[in-house]
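Single-structure report; data block below.
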Amino acid sequence: MMADIRALQGLRVSDLFELCPTTIRVFMRHRMACVGCEISIFETVGEAIANYDLDNESFLKELELVIRRSELVSTLPSQVICEEEL
Amino acid sequence: MTDTPLELITARLARVPLFHNLSLSPLQTIAQAAQRRHVASGAFFFQQGDAATAMYVLDSGQVRMTQLTPEGNQVILRFIRPGDLFGGVAAFGVKTYPASAEAAEDSSALLWDANTMRDLLLRIPQLALNALEHTAEIIVQLQDRVRELQTERVERRVARALLRLANQSGKRIEAGILIDMPLSRQDLAEMTGTNLYSVSRILSGWEKQGLVETGRERVVLTMPHQLVMIAEDMPGPEPPTDPQS
Chain D
12 MMADIRALQG LRVSDLFELC PTTIRVFMRH RMACVGCEIS IFETVGEAIA
62 NYDLDNESFL KELELVIRRS ELVSTLPSQV ICEEEL
Chain H
48 MTDTPLELIT ARLARVPLFH NLSLSPLQTI AQAAQRRHVA SGAFFFQQGD
98 AATAMYVLDS GQVRMTQLTP EGNQVILRFI RPGDLFGGVA AFGVKTYPAS
148 AEAAEDSSAL LWDANTMRDL LLRIPQLALN ALEHTAEIIV QLQDRVRELQ
198 TERVERRVAR ALLRLANQSG KRIEAGILID MPLSRQDLAE MTGTNLYSVS
248 RILSGWEKQG LVETGRERVV LTMPHQLVMI AEDMPGPEPP TDPQS
């Protein structure tokens, strides 16, 4: 299934929202301002997690759960990953 | 006029700034004209828009002065502590109370109806002078507040403008996000409806904090997330407390 959930960290936040809009819920739940944010096209998921001082592991797990439910499992992690981040 | 002995009221009034430097006789006159009112915690001495009929001095407890915004949000203007004056506008010709006075705990206040207080002000010059001093003090406080609010709002506007520009023409570079267009401080001032001086002051402050790097017509957002926090008026480094659920 999903190759490695940690690859999500390198994904741009805006790309994640575009590919899998249901992940927005996870960000809202943590009261992050990423949804509709001007700089979500620059910041990666990993940076967002760090900005809000959240637990990396558990946040990624929450994302994984939502993504699994949205049938994007096979396409998401490998498709769009910020080159410079990996 | 109240159940408290007159001497006691007189002694208490002497400690209230509004009644400073009054000799005994006028103090007694003022005490005689006073009425007392108790208000339970959560109830109101008066509400915003009520006819302004009396001026109050809090004797015990605590009162919250609040105002409703047109959107229906409540804003706390200030807290009143024992010895403080509230509802003073009643004595100066204002027809309705501009704010509500809610007892934050069981409270007791001395009050004078507006006409009585106007009469006292005419008869006791020192009282009128004290009232003016009190008013001047409040004006100074309010001016400070206005200045703070204006500065804060300009900061948010400038942060928003920078984020918008970053979104439209930003480039990821090692140091952060470079706003890839010639951008002067004057441009930023015009975008945000403020002046060059304010923009320069704000940018210098942010530069010191490491949020931005500015050069000649060049801005790099080195900590873009912190600018988002300013633009959104969200708490700074402390993360929002929301347990994983």
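Just so you know, the sequences run in chain order D and H. Counting along the first sequence from 1, when you hit position 82 you're at 93 in our numbering, and nothing is skipped either side. Counting along the second sequence from 1, when you hit position 225 you're at 272 in our numbering, and nothing is skipped either side. Glycine is no exception: its CB is placed at the ideal position from the N, C-alpha and C atoms. It should be emphasised that the depicted structure is a prediction, and the values quoted were computed from it without experimental measurement.
Among D:49, D:60 and D:73, which residue has its Cα nearest to the Cα of residue 214 (chain H)?
D:49
In three-state DSSP terms, what is residue 135 (chain H)?
helix
Just how far apart, CA to CA, sit residue 68 (chain D) and residue 41 (chain D)?
14 Å
Ordered along the chain, which non-local residues of its own chain (more than five positions away) have a Cβ less than 8 Å from that of residue 290 (chain H)?
Here the model assigns residue 290 (chain H) a pLDDT of 44, short of 50, so the residue's position is not dependable, and the following value carries that caveat. Nothing listed; no residue qualifies.
So with Cβ pairs under 9 Å, would you call residue 257 (chain H) a contact of chain D?
no
Report yes if the CB atom of residue 132 (chain H) is closer than 9 Å to the CB atom of residue 81 (chain H), and no otherwise.
no
Out of curiosity, what's the CA-to-CA distance linking residue 89 (chain H) and residue 162 (chain H)?
28 Å
If you compare alpha carbons, which of H:73, H:58, H:255 and H:200 is closest to residue 171 (chain H)?
H:73
Partner residues on chain H for residue 31 (chain D), Cβ-Cβ distance less than 7 Å:
Ordered by position in chain H, no residue passes the 7 Å Cβ test against residue 31 (chain D), which lies about 19 Å from the chain.
Have a look at residue 230 (chain H) and residue 146 (chain H) and give me their C-alpha separation to the nearest angstrom.
44 Å
Can you tell me whether residue 177 (chain H) is buried or exposed, with buried defined as 16 or more other CB within 10 angstroms of its CB?
buried
Check residue 42 (chain D) in the structure and name its three-state DSSP category.
coil
What residue from H:97, H:102, H:184 and H:179 has the CA that sits closest to residue 83 (chain H)'s CA?
H:102
Ranges of the beta strand (DSSP E) found wholly within the segment 26-72 of chain D, counting only runs of at least 3
none
Keeping to the same chain, check which residues put their C-beta closer than 6 Å to that of residue 44 (chain D); ignore five residues upstream and five downstream.
none
Return the CA-CA distance between residue 189 (chain H) and residue 75 (chain H), expressed in angstroms with no decimal places.
33 Å
Other residues of its chain near residue 97 (chain D): CB distance less than 7 Å, five sequence neighbours each side excluded
A caution first: residue 97 (chain D) carries a pLDDT of 35, below 50, which makes its placement in the model unreliable, though a value can still be read off. Hits under 7 Å: 21.
Return the residues of the segment 14-43 of chain D that lie within a Cβ-Cβ distance of less than 9 Å from chain H, sorted by chain order.
40, 41, 42 and 43
Paired residues, beta bridge with residue 14 (chain H) - DSSP
Since the first residue of chain H shown is 48 and the last is 292, residue 14 (chain H) is not available in this structure.
What in chain C is Cβ-close to residue 52 (chain D), meaning under 7 Å?
Structure shown: chain C not included; protein chains present are D and H.
Outcome for residue 135 (chain H) when other beta-carbon atoms lying within 10 angstroms are tallied against a minimum of 16
buried
Assign residue 272 (chain H) to buried or exposed, taking buried as 16 or more other Cβ atoms, counted over all protein chains shown, within 10 Å of its Cβ.
buried
Buried or exposed: where does residue 66 (chain H) fall if 16 or more other Cβ atoms within 10 Å of its Cβ makes it buried?
buried
Return helix, strand or coil for residue 265 (chain H), following the three-state DSSP convention.
strand
Does the segment 191-204 of chain H come within contact of the segment 219-227 of chain H, defined as at least 3 CB pairs closer than 8 Å?
no
To the nearest angstrom, how far is it from the Cα of residue 72 (chain D) to the Cα of residue 34 (chain D)?
11 Å
Considering only the alpha carbon of each residue, which of H:113, H:63 and H:124 lies closest to residue 107 (chain H)?
H:63
Inter-residue Cα distance where the pair is residue 57 (chain D) and residue 270 (chain H):
15 Å
With distances taken Cα to Cα, identify the nearest neighbour of residue 121 (chain H) among H:55, H:149, H:164 and H:237.
H:149
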